Amino acid sequence: DTGVSQDPRHKITKRGQNVTFRCDPISEHNRLYWYRQTLGQGPEFLTYFQNEAQLEKSRLLSDRFSAERPKGSFSTLEIQRTEQGDSAMYLCASSLVGGMHSPLHFGNGTRLTVT
Amino acid sequence: SQQGEEDPQALSIQEGENATMNCSYKTSINNLQWYRQNSGRGLVHLILIRSNEREKHSGRLRVTLDTSKKSSSLLITASRAADTASYFCATDAKGAQKLVFGQGTRLTINP
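Chains A and U, in that order, give the protein sequences.
If you read the first sequence in our numbering, its first letter stands for residue 1, the second for the next number, and so on.
If you read the second sequence in our numbering, its first letter stands for residue 116, the second for the next number, and so on.
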């Protein structure tokens with residue numbers, strides 16, 4: 001059973017560097033979400049795609065953050081000029097469209113540490 | 116900001132006891148979902164209850180929903196050590212296309 005996979009699992013970077021994360025959703029899922037989670041908190045919505053279209057972005061997503069989903073398959077989340085406040089777990093999830101009655105399937109996340 | 120608020124923030128019980136977690140939310144919803152998260156892992160969907168449902172069961176899980184009070188509860192019966200995890204409620208507000216998660220309840224089952 002191929003679930004949602006995220007790469008890398010851990011990333012340590014110095015402040016000011018750029019980082020890119022990848023998410024491979026479940027193949028038949030056409031919705032893909034990115035969330036950010038800090039220690040002791042629930043996941044916070046960042047953005048979502050339906051196929052290749054990015055349909056909503058949170059105000060949390062500053063101009064240093066960009067997400068893409070070329071061809072409606074895998075997605076990348078890039079953070080430019082990282083700051084210590086960007087340290088968090090970045091979670092990707094996928095679901096079927098029409099699927100606010102469908103659950104989200106989460107990957108195991110990418111833990112980012114900015115030093 | 117989080118829409119759902121879970122209560123309590125942390126809960127520690129003995130194996131075999133029942134665990135009850137509560138969730139409150141602010142806006143009208145289409146459905147409410149509960150998720151579990153083991154340390155360092157992603158979230159796993161447990162159960163979904165629609166706004167026109169009042170109670171739902173799945174194995175040892177029982178979820179209730181009171182839309183007039185904008186609240187839900189998750190009951191885990193006959194708890195096991197493997198139930199140790201954080202539990203989150205999540206809602207999709209009417210007209211929204213995303214789930215909004217609460218802060219979670221950290222559940223510890225002591226053997």
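Glycine included, each C-beta is placed from N, C-alpha and C at the ideal position.
Since the structure is predicted, the reported quantities are computational estimates derived from the model, not experimental observations.
Inter-residue CB distance, residue i and residue j (contact presumed, cutoff 8 Å)
i: U:T179; j: U:S188; result: 5 Å
i: A:G109; j: U:G157; result: 6 Å
Environment of residue i [buried if 16+ CB atoms lie within 10 Å]
i: U:E132; result: exposed
i: A:V97; result: exposed
i: A:Q40; result: What sits at residue 40 of chain A in the sequence shown is Gly, not Gln. Label assigned to A:G40: exposed.
i: U:S127; result: exposed
i: U:A200; result: buried
i: U:I191; result: buried
i: A:M85; result: Checking the sequence shown, residue 85 of chain A turns out to be Gly, not Met. That one is exposed.
i: U:Q148; result: buried
i: A:Y90; result: buried
i: A:Q37; result: buried
Chain A contact residues for residue i, given Cβ-Cβ distances below 7 Å
i: U:R156; result: N108
i: U:L214; result: L104
Cβ-based neighbour list, residue i, same chain, cut-off 8 Å, excluding 5 preceding and 5 following
i: A:G119; result: What is shown of chain A runs 1 to 115, which leaves residue 119 of chain A out entirely.
i: U:K209; result: T142, S143, I144 and N145
i: A:E28; result: L96
i: U:R169; result: T179, L180 and D181
i: A:D70; result: In the sequence under discussion, the amino acid at residue 70 of chain A is Pro, which differs from the Asp named in the question. So the qualifying residues of the chain are E52.
i: A:S66; result: L77, E78 and Q80
Chain-order list of residues whose beta-carbon lies under 6 Å from that of residue i (same chain, five-residue window excluded)
i: A:T20; result: T76 and E78
i: A:Y33; result: Y48 and A93
i: A:D24; result: S5 and F74
i: U:R151; result: V159, L161, A200 and Y202
Cβ neighbours of residue i in the same chain (closer than 7 Å, five flanking residues each side left out)
i: U:D122; result: N137
i: A:V114; result: T13, R15, T82, E83, Q84, D86 and S87
i: A:N51; result: N30 and G72
i: U:K171; result: I162, I164 and V178
i: U:A196; result: E130, I224 and P226
i: A:P8; result: T110
Per-residue contacts from residue i into chain U (C-beta, under 7 Å)
i: A:H103; result: The residue you asked about is not His; residue 103 of chain A is Pro in the sequence shown. What A:P103 touches in chain U: Q148, H160 and L163.
i: A:G85; result: Correct list: empty, because the minimum Cβ distance to chain U is about 17 Å.
Partner residues on chain A for residue i, Cβ-Cβ distance less than 9 Å
i: U:G217; result: G42
Under 9 Å by beta carbon: chain U residues contacting residue i
i: A:F45; result: K213, L214, V215 and F216
Listed by chain order, chain U residues near residue i by CB distance under 8 Å
i: A:L91; result: G157 and L158
In chain order, what residues of the segment 160-179 of chain U put their CB closer than 8 Å to some CB of chain A? The segment 160-179 of chain U vs chain A, Cβ under 8 Å: H160, L163 and R165.
Within 8 Å of chain U by C-beta, residues of the segment 51-72 of chain A in sequence order: The segment 51-72 of chain A vs chain U, Cβ under 8 Å: L55 and E56.
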